[in-house]
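Chemist:
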Amino acid sequence: MGTYGRRKAAFLIGPLLLGWRIEIYSRPEPTDPEQHVSQFPIPQLRTPEPSSIELPGSKSIALRQLAISALVEGTSHLSGMPPCDDIDAMLDCLERLGVGVEQTRRNNQLDLRIQGPMDRLADVHLDARMSGASTRLLIGLAALRKGRTTIDGHPSLRVRTNQPLFDTLIANGCSVVSAEGGLPATIQGPLVPPPVLSVDGSISSQYITALLIASPLMLEMSGREQQIIQITGQLVSKPYLDITLAEMTKRGARVAWQGADQICVKRQGYNSADLHIEGDATAASYFLALATLHHSTVTLTNLSDNTHQGDFAFTRVMQDLGAEVACHAGTTTITGPAQLRALAPQDMASMPDAALTLIAMAPLIPEATEITGLSTLHHKECDRLLCSTEALQAMGIAAQATESTVTIPYCPPAMHKPHLLNTHHDHRMAMAFSVLASVSGKIIVDDKMVVAKTYPHYWDDYLKLRPTHAA
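Take the position in the sequence shown, starting the count at 1, then add 1122; the result is the number in our numbering.
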């Protein structure tokens, strides 16, 4: 069995579900991981009422902006930040890197003032908790530092490979000591990149994002006028790289695609900025699905079609099912059809996080639904393709998966078996399967607070769709 296969197996037979801290906003020291685990029967949503949802800020955008802010000499003001465990972990790590952090909570959002730049000399130990995206960004920051940076995290994060990124760092002057490409890992730079820096993009685009965000500082150290990032292997999740380029550009960087597999970064430093973070398109997918399934109307108040987030394309999938979508002045309104249409085969390679939402709603779609482009789902917080397929099968739904596809037949809700959903520490397993539970009413999630990783108030927003008489 290869390295990645061992990691997958180790994760699936890993420790039982661990809990989440409830007090995530004041960033206390980690508590007993067995606390706060609570099962939650997900309520049905019969004839949901029209609702307005303010989504949490985009985690993808927020983490990129935090990493950039750590490299800026000056103060950056970031509003609309999602107050969730991934952001909480990143802020703790930045503070340990010597970055100043001031925060104010407004309803379900955070306003942050980030004072950079980070320290590059001291030896530091960082706890990324369960945040894979933070880990890769922190590895990119660590490659700029002369001090030793040790990064560790939750057991479920330790089994996620960073080997392609480590390979690039080691080949270009960094010392990396890691546990078979995972965490814990100790990185010591600085990176000495050649004019063309190569990285494998076939497993995760986050490796490329980490190098891109660090590139303006690499150029500052090298004195060169441009840096080429050469992507090897078959690139996955390109829309996430488009987000990276858009966010870098907002901060003054000059960066652009140069063909299908090269990105060019020109020498120009980042600026401090005052930015508002738009709503998270992956979080939007749950409410787009709920409106579509229940012939109801949901307005997303902080996300529209001018976004660079690839998962916004999930609106097109819902339109294929018969939903109507309208975008106006920064908002998106979706109204579900009176009857769902069958769905042609869907390639979800460009929106892998939203793919899990489609998998969970597929048993309710007329005829069998074939979903392709799912190879990257094996490398998420859990093996989302395997774990979701097993969950559907346990409910009596004859889902069949290959290495990169799944075919899911229509199965009437009356035929669904009651199921205790094992989330495998994965927030998106809970939120995606709430879409199926909203119709069947037969799913209990094993840990209600698992959603705190990215969307702590998800269940409150979910229940906004519940008719008042059902409360």
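Cβ coordinates follow ideal geometry from the N, Cα and C atoms, glycine included.
Assess, as a yes-or-no matter, whether the segment 1484-1496 is touched by the segment 1509-1527 under the definition of 3 or more beta carbon pairs within less than 8 Å.
Modeler: Yes: at least three Cβ pairs fall under 8 Å.
Chemist: Would you mind reading off the limits of the alpha helix (DSSP H) that contains glycine 1262?
Modeler: On the sequence shown, residue 1262 is found 140 positions in, with the first residue counted as 1. Here the alpha helix (DSSP H) through glycine 1262 covers 1254-1264.
Chemist: Quick check for students: name the residue ranges of the beta strand (DSSP E) that lie wholly in the segment 1238-1315, counting only runs of 3 or more.
Modeler: 1246-1249, 1271-1274, 1297-1301 and 1304-1310
Chemist: Which word fits valine 1314, buried or exposed, when buried means at least 16 other C-beta atoms lie within 10 angstroms of its C-beta?
Modeler: Within the sequence shown, numbered from 1, the residue matching residue 1314 stands at position 192. By the neighbour-count rule (16 or more Cβ atoms within 10 Å), valine 1314 is not buried but exposed.
Chemist: Hey, aspartate 1245 and glycine 1220: beta-carbon distance below 9 Å or not?
Modeler: Mapped onto the sequence shown, residue 1245 falls at position 123. Mapped onto the sequence shown, residue 1220 falls at position 98. The answer is no: Cβ separation not under 9 Å.
Chemist: With contact counted as at least three CB pairs below 8 Å, one residue from each stretch, are the segment 1407-1421 and the segment 1362-1371 in contact?
Modeler: no
Chemist: What is the rounded straight-line gap between the Cα of glutamate 1195 and the Cα of proline 1204?
Modeler: Taking the first residue of the sequence shown as 1, we reach residue 1195 at position 73. Taking the first residue of the sequence shown as 1, we reach residue 1204 at position 82. If you take the alpha carbons of glutamate 1195 and proline 1204, they lie about 24 Å apart.
Chemist: My output table needs one value for glycine 1432: the three-state DSSP class, helix, strand or coil.
Modeler: Along the sequence shown, read from residue 1 onward, the residue named residue 1432 stands at position 310. It is helical.
Chemist: Give the DSSP-derived three-state secondary structure of tyrosine 1584 in the structure shown.
Modeler: Within the sequence shown, numbered from 1, the residue matching residue 1584 stands at position 462. Of the three classes helix, strand and coil, the one that applies to tyrosine 1584 here is helix, per DSSP.
Chemist: DSSP beta-bridge partners for glycine 1222?
Modeler: For this step, residue 1222 is matched to residue 100 along the sequence shown. DSSP output for glycine 1222 lists Gln1237 as bridge partner(s).
Chemist: What distance in whole Å lies between the Cβ atoms of proline 1306 and threonine 1272, which are believed to be in contact at a cut-off of 8 Å?
Modeler: Reading the sequence shown from its first residue, position 150 is the one you call residue 1272. Reading the sequence shown from its first residue, position 184 is the one you call residue 1306. Threonine 1272 to proline 1306, Cβ: 6 Å. Contact.
Chemist: Between cysteine 1206 and alanine 1574, is the Cβ-Cβ spacing less than 9 Å?
Modeler: By one-based count along the sequence shown, residue 1206 stands at place 84. By one-based count along the sequence shown, residue 1574 stands at place 452. It is a contact, given that the beta carbons lie within the stated cut-off.
Chemist: Given 8 Å as the limit, is there contact between the segment 1292-1303 and the segment 1377-1389, that is, 3 or more CB pairs closer than that?
Modeler: no
Chemist: Alpha carbon to alpha carbon, how far is leucine 1478 from threonine 1498? Give it in angstroms, no decimals.
Modeler: Here residue 1498 refers to the residue found at position 376 when the sequence shown is read from its first residue. Here residue 1478 refers to the residue found at position 356 when the sequence shown is read from its first residue. When rounded, the separation of the alpha-carbon atoms in threonine 1498 and leucine 1478 is 12 Å.
Chemist: Going by alpha carbons, who is nearest to glutamine 1161 out of His1547, Val1561, Ser1562 and Ala1520?
Modeler: Position 39 of the sequence shown, counting from 1, holds the residue named residue 1161. Per the Cα distances, His1547.
Chemist: Could you pull out every residue in the same chain whose Cβ sits closer than 7 Å to the Cβ of methionine 1620, ignoring the five residues on either side in sequence?
Modeler: The chain is shown only over 1123 to 1593; residue 1620 falls outside these bounds and no answer can be derived.
Chemist: How would you label histidine 1501, buried or exposed, when you count the other beta carbons within 10 angstroms and need 16 or more for buried?
Modeler: Numbered from its first residue, the sequence shown carries residue 1501 at position 379. Label assigned to histidine 1501: buried.
Chemist: From the DSSP secondary-structure annotation, give me the bridge partner or partners of glycine 1196.
Modeler: Start at 1 with the first residue of the sequence shown, and residue 1196 comes out as number 74. DSSP lists Gly1238 as partners of glycine 1196.
Chemist: In or out: glycine 1124 buried (at least 16 other Cβ within 10 Å) or exposed?
Modeler: On the sequence shown, residue 1124 is found 2 positions in, with the first residue counted as 1. The predicted model places glycine 1124 with a pLDDT of 37, which falls under 50 and marks its position as unreliable, so this point remains unresolved.
Chemist: Using 8 Å as the threshold, is the segment 1388-1397 in touch with the segment 1172-1179, meaning 3 or more CB pairs across them?
Modeler: No, the segment 1388-1397 is not in contact with the segment 1172-1179.
Chemist: If you draw a straight line from the alpha carbon of proline 1286 to that of serine 1320, how long is it in whole angstroms?
Modeler: Here the question's residue 1286 lines up with position 164 in the sequence shown. Here the question's residue 1320 lines up with position 198 in the sequence shown. The alpha-carbon separation between proline 1286 and serine 1320 amounts to approximately 10 Å.
Chemist: By the DSSP assignment, the beta strand (DSSP E) with serine 1173 in it spans what residues?
Modeler: Here residue 1173 is taken as the residue at index 51 of the sequence shown, counted from 1. 1173-1175 is the span of the beta strand (DSSP E), which, as asked, contains serine 1173.
Chemist: Please classify aspartate 1433 as buried or exposed, where buried requires at least 16 other C-beta atoms within 10 Å of its C-beta.
Modeler: Position 311 of the sequence shown holds residue 1433. Under the 10 Å beta carbon count, aspartate 1433 is surrounded by 16 or more other beta carbons and is classified as buried.
Chemist: Since leucine 1543 contacts valine 1567 with CB under 8 Å, what's their CB separation in whole angstroms?
Modeler: Within the sequence shown, residue 1543 is the residue found at index 421, counting from 1. Within the sequence shown, residue 1567 is the residue found at index 445, counting from 1. Indeed they touch by this definition, with Cβ atoms about 5 Å apart.
Chemist: Compute the Euclidean distance between the alpha carbons of leucine 1564 and methionine 1517, then round it to the nearest angstrom.
Modeler: Sequence index remark: in the sequence shown, residue 1564 carries index 442 (1-based). Sequence index remark: in the sequence shown, residue 1517 carries index 395 (1-based). Residue identity differs from the one stated: residue 1564 is lysine in this sequence, not leucine. Lysine 1564 and methionine 1517: Cα-Cα distance of roughly 9 Å.
Chemist: Under a three-way DSSP split, which group does alanine 1561 fall into?
Modeler: Here residue 1561 refers to the residue found at position 439 of the sequence shown. Checking the displayed sequence, the identity of residue 1561 turns out to be valine instead of alanine. Looking at valine 1561 - three-state DSSP - the assignment turns out to be helix.
Chemist: Start and end of the beta strand (DSSP E) containing serine 1320?
Modeler: Within the sequence shown, numbered from 1, the residue matching residue 1320 stands at position 198. Unbroken beta strand (DSSP E) run through serine 1320: 1318-1322.
Chemist: Return the chain-ordered list of same chain residues with a C-beta closer than 7 Å to the C-beta of tyrosine 1147, the five sequence neighbours on each side being excluded.
Modeler: Here residue 1147 is taken as the residue at index 25 of the sequence shown, counted from 1. Low confidence applies to tyrosine 1147: its pLDDT is 30, below 50, so where it sits in the model is not reliable, and the reading given next is rough at best. The answer, listed in chain order, is Pro1205 and Arg1227.
Chemist: Give the straight-line distance between the Cα atoms of leucine 1507 and tyrosine 1577, rounded to the nearest whole angstrom.
Modeler: Working through the sequence shown from its first residue, we reach residue 1507 at position 385. Working through the sequence shown from its first residue, we reach residue 1577 at position 455. Rounded to the nearest angstrom, the two C-alpha atoms are 22 Å apart.
Chemist: Smallest Cα separation from cysteine 1533: which of His1541, Glu1347, Ile1519 and Pro1540?
Modeler: On the sequence shown, position 411 is the one that residue 1533 refers to. Ranking His1541, Glu1347, Ile1519 and Pro1540 by Cα distance to cysteine 1533 puts Ile1519 first.
Chemist: Nearest to asparagine 1428 by alpha carbon, out of Glu1400, His1417, Ser1418 and Glu1446?
Modeler: Sequence index remark: in the sequence shown, residue 1428 carries index 306 (1-based). For the residues Glu1400, His1417, Ser1418 and Glu1446, the minimum Cα distance to asparagine 1428 belongs to Glu1400.
Chemist: For arginine 1438, is the classification buried or exposed, using 16 other Cβ atoms within 10 angstroms of its Cβ as the cut-off for buried?
Modeler: Within the sequence shown, numbered from 1, the residue matching residue 1438 stands at position 316. Result: exposed.
Chemist: Quick check: glutamine 1431 and threonine 1455, are their CB atoms within less than 9 Å of each other?
Modeler: Position 309 of the sequence shown, counted from the first residue, corresponds to residue 1431. Position 333 of the sequence shown, counted from the first residue, corresponds to residue 1455. No. Outside cutoff.
Chemist: Considering only residues of the same chain and omitting the five flanking positions on each side of cysteine 1509, which have a CB-CB separation below 7 Å?
Modeler: Locating residue 1509 in the sequence shown gives position 387, counting from the first residue. Excluding residues within five positions, the ones whose Cβ falls inside 7 Å are His1546 and Met1551.
Chemist: Looking at the secondary structure, which residues open and close the beta strand (DSSP E) in which lysine 1594 lies?
Modeler: The chain is shown only over 1123 to 1593; residue 1594 falls outside these bounds and no answer can be derived.
Chemist: Name the two residues that bound the continuous beta strand (DSSP E) containing isoleucine 1493.
Modeler: By one-based count along the sequence shown, residue 1493 stands at place 371. From DSSP, the beta strand (DSSP E) with isoleucine 1493 extends over 1491-1494.
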